[in-house]
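If you're matching positions, the sequence shown starts at 0 in numbering that gives the first Met the number 0 and goes up one per residue.
Virtual Cβ for every residue (Gly too), placed ideally from N, Cα, C.
For clarity, every value in this text was computed on a predicted model and none was experimentally measured.
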Amino acid sequence: MTVTKPVFDRLGFWLWVGSFLVVLGLALWSPDARSVVHIYRHGSEAFLNGQPLYHVEVAMGYLYAPAFAALYVPLLKLGPYLGNILWHMLGFSVLTLAAMRQVRRLGGEEQTWLLSFGLFLALPVALAALRNGQATILLAGACWLLTLSALEGRRAESFFWATLAIIAKPTAIIMLLLAGALRPRLIPVLALAVLVVLAIPYGFASTDYVNAQYHDFFRMLTSMTVDPTGPFVPADFTAPFTRFGMPIPESVATIVRVVAGLLTLWLVLQFDRRLDPDISGLAIFLAAAFYMCVFNPRVEQNTYAMVAVPAGLAIALLWREKGAGAMRWFLATLLFVTGLTSVEPRLHDLFHLWFRPISISIIACLLIGWFWTQGRQKIPAAGAVAHG
0 MTVTKPVFDR LGFWLWVGSF LVVLGLALWS PDARSVVHIY RHGSEAFLNG QPLYHVEVAM
60 GYLYAPAFAA LYVPLLKLGP YLGNILWHML GFSVLTLAAM RQVRRLGGEE QTWLLSFGLF
120 LALPVALAAL RNGQATILLA GACWLLTLSA LEGRRAESFF WATLAIIAKP TAIIMLLLAG
180 ALRPRLIPVL ALAVLVVLAI PYGFASTDYV NAQYHDFFRM LTSMTVDPTG PFVPADFTAP
240 FTRFGMPIPE SVATIVRVVA GLLTLWLVLQ FDRRLDPDIS GLAIFLAAAF YMCVFNPRVE
300 QNTYAMVAVP AGLAIALLWR EKGAGAMRWF LATLLFVTGL TSVEPRLHDL FHLWFRPISI
360 SIIACLLIGW FWTQGRQKIP AAGAVAHG
């Protein structure tokens, strides 16, 4: 760290902020170029006009809860320029706040370096999602803050971040289930957040219309999880097998997802019990984000931005520890290079869809294994104190 600290003490953070300012400039220059925000606008327009939100047969286009369409209306009214800018700023601010809060929770020396180096490593993977204005950025920040608030037993904060996460994307329910398993006393709060999100659209549209949208919404969610046909090509763990001519049957893929979900639940419970409170939040969210990306049947290549920042901070934390020199260099290089595989069209075509689930799986599994060793070191130390 003596070599990297003078360089990354603040450089990484300012690169993170500077890159986002460039993103804002591009969004002002051309709001609809390389952007998914127009889907959010169309969803809100359809909601205001009482038109169907979902195309259940193809499960493409607007894929968010009706509450998202209702709450995006103010940004729609601000127009494609100001509304677009505010939407980008919302996601970026929430994710950056989550990273800063996590670093403060980690404590220790050189917190500025830890944040800066972690954001630097995560930037290439996260930049495309930031540029596109994807709700994944907001989802990542809200789920991360929900994890930290839940572990600290903060009911009001947990309610707020759970509500925001579900509005951002329905897949947030996975993080709510994990939070409820970690802190059963928060289950009523998390359930209330779900009910509030379900109730929001009724305040802005007729009951019959909202009921019809929910009917299509839940039909769409079901078809998305079991029907692999259609124009969408997933970038989950099945993508490498499909790319190399060995597609996995959907029944087998479903079994793998269920088993991975149970293992993730067991793992986060173990992290909560074994790890020090200052690092347990990072380990738990990293494991959850890994599952929500690699085992999500609707994951896209840019969805891996969700795991990029927690992985970057975990690598920076590993870097701060003594030893593991080869592993930390390998993980830092692999995470940074993973985000560069789309900078050139031929590289993009070569690595598209199949590479990120492999590289992110390697990174996440090695980091989870390192966190596990930290838990094993804590238990003997605690036993020694007790017997002393």
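So residue i is in the alpha helix (DSSP H); what residue range does that whole segment cover?
| i | result |
| --- | --- |
| N92 | For clarity, residue 92 is Ser in the given sequence; the question names Asn instead. Per DSSP, S92 belongs to the alpha helix (DSSP H) from G78 to L105. |
| H54 | Run containing H54: none; DSSP gives neither H nor E here. |
| D271 | E249 to R273 |
| P239 | A238 to R242 |
| F289 | P276 to V293 |
| N131 | Q110 to N131 |
| A204 | Note, A204: premise wrong, no alpha helix (DSSP H); not H, not E. |
| W353 | W353 -> no alpha helix (DSSP H), and no H or E assigned at all. |
| V35 | Unbroken run through V35: none, as it is neither H nor E. |
| L317 | A304 to R319 |
| V232 | Counting along the chain, V232 falls outside any alpha helix (DSSP H), and DSSP gives it neither H nor E. |
| V193 | I186 to A198 |
| G324 | G324 to T337 |
| A68 | P65 to L70 |
Would you call the CB atoms of residue i and residue j closer than 8 Å?
| i | j | result |
| --- | --- | --- |
| L189 | A164 | no |
| A69 | I199 | yes |
| T337 | I367 | no |
| F284 | P248 | no |
| A141 | I84 | no |
| R319 | L113 | yes |
| M326 | L365 | yes |
| P296 | D235 | yes |
| L137 | L191 | no |
| A139 | A286 | no |
| V124 | A307 | yes |
| T61 | P30 | Per the sequence shown, the amino acid found at residue 61 is Tyr instead of Thr. Their beta carbons are not under 8 Å apart, which means Y61 does not touch P30 by this criterion. |
| V22 | H87 | yes |
| Y290 | T332 | no |
| L129 | F159 | no |
| L176 | G280 | no |
| Y201 | G49 | no |
| Q133 | V293 | no |
| W369 | L317 | yes |
Buried or exposed: residue i, going by 16 or more other Cβ atoms within 10 Å of its Cβ?
| i | result |
| --- | --- |
| W328 | exposed |
| I362 | buried |
| H347 | exposed |
| R345 | exposed |
| R40 | buried |
| N131 | buried |
| M174 | buried |
| I254 | exposed |
| N210 | exposed |
| P233 | buried |
| L181 | buried |
| W28 | exposed |
| F19 | buried |
| S157 | buried |
- [ ] Any chance you could list the alpha helix (DSSP H) runs of at least 4 consecutive residues sitting entirely within the region 144-175, in chain order?
- [x] At a cut-off of 4 residues, the continuous stretches assigned as alpha helix (DSSP H) that sit fully inside the region 144-175 are 154-167.
Open item on the list: Any contact between the region 310-317 and the region 144-153? By contact I mean 3 or more CB pairs, one from each, below 8 Å.
Closed with: no
TODO: May I ask you to verify whether the region 260-274 touches the region 113-127, counting CB pairs closer than 8 Å and requiring at least 3?
DONE: no
TODO: Specify whether the region 47-62 and the region 97-110 touch according to this definition: at least 3 beta carbon pairs, one from each stretch, less than 8 Å apart.
DONE: no
- [ ] Flag this pair as touching only if the region 200-216 and the region 60-76 have three or more C-beta atom pairs under 8 Å; answer yes or no.
- [x] yes
Open item on the list: When you compare the region 354-367 with the region 230-250, are there three or more beta-carbon pairs, one atom per stretch, that lie closer than 8 Å?
Closed with: yes
Open item on the list: Is it the case that the region 74-81 contacts the region 91-100, given that we only count it when at least three CB pairs across the two stretches are under 8 Å?
Closed with: no
TODO: Within the region 4-30, note down every full alpha helix (DSSP H) run reaching 4 residues or more, in order along the chain.
DONE: 4-7 and 10-28
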